[in-house]
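J.: Going by the UniProt record's numbering, the letters in the sequence shown line up with residues 1 to 135, in that order. From the three backbone atoms N, C-alpha and C, an ideal C-beta is built for every residue, glycine too.
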Amino acid sequence: MAMQRKKIDNRIRVLIENGVAEKHRSFFVVVGDRGKDQVVILHHMLSKSAVKARPSVLWCYKKELGFSSHRKKKMRKLQKRIKSGALSVNEDDPFELFIAATNIRYCYYNETHKILGNTYGMCVLQVSPPPPPYI
């Protein structure tokens, strides 16, 4: 199941680059089922336009993350796939590679007091969709 690549509006890239150059924050609202895949693309654009190392990520959520956040387990799995030769960047899920290769701090909304005073290059505020209505 390959992810379809679409051309992203050039204004988004320009907005990110101008924000980095002017040292201003940029704010994007991503709506839809594939929002987590768009986070990967936005992070890639930010890391390309920033002079420093890859930006760290703060990922805040309310209840369910929707994926595993166990970093060591993911890295072991990734190393195993590299050794067996089963890892191909074109075939692999870009989100899984993003999770494994990026410094991400996961935080519940009600625990945000624990992260006060820290600086992050990117912040993701995840909103879970409402449950389906009962019929």
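For the alpha helix (DSSP H) containing Arg13, name the first residue and the last one.
T.: Where Arg13 is concerned, the enclosing alpha helix (DSSP H) stretches over Asn10 to Glu22.
J.: So, is His44 buried or exposed, given that buried needs 16 or more other C-beta atoms within 10 angstroms?
T.: That one is exposed.
J.: Please report the Cβ distance between Pro55 and Leu46, rounded to the nearest whole angstrom; I am assuming they are in contact, meaning their Cβ atoms lie under 8 Å.
T.: Going by Cβ atoms, the distance from Pro55 to Leu46 rounds to 6 Å, so yes, they are a contact pair.
J.: Can you grab the Cα-Cα spacing for the pair Val29 / Asn118, in whole Å?
T.: Taking the straight line joining both Cα atoms gives about 23 Å.
J.: Just to confirm the assignment, what range does the alpha helix (DSSP H) spanning Val31 have?
T.: Taken as a continuous stretch (DSSP letters only), Val31 belongs to no alpha helix (DSSP H), as it is neither H nor E.
J.: I'd like to check one pair, Ser128 with Lys36: are the Cβ atoms closer than 8 Å?
T.: Result no, Cβ atoms of Lys36 and Ser128 do not sit closer than 8 Å.
J.: Roughly how many angstroms separate the alpha carbons of Ile115 and Gly121, rounded to a whole number?
T.: Roughly 14 Å separates the two Cα atoms.
J.: First and last residue of the alpha helix (DSSP H) that includes Leu65?
T.: Looking at the DSSP string, Leu65 is not in any alpha helix (DSSP H), and its letter there is neither H nor E.
J.: By Cβ distance, which residues of its chain are closer than 7 Å to Ser26, with the 5 residues on each side in sequence left out?
T.: Closer than 7 Å at Cβ, skipping near neighbours: Leu15, Ile16 and Gly19.
J.: List the residues that DSSP assigns as beta-bridge partners of Leu46.
T.: Partner(s): none; Leu46 has no beta bridge.
J.: Can you give me the C-alpha to C-alpha distance between Leu42 and Asp33, rounded to a whole angstrom?
T.: Answer to the nearest angstrom: the Cα atoms are 16 Å apart.
J.: Relative to the C-alpha of Tyr108, which residue among Val124, Lys6 and Lys48 is closest?
T.: The shortest Cα separation from Tyr108 among Val124, Lys6 and Lys48 belongs to Val124.
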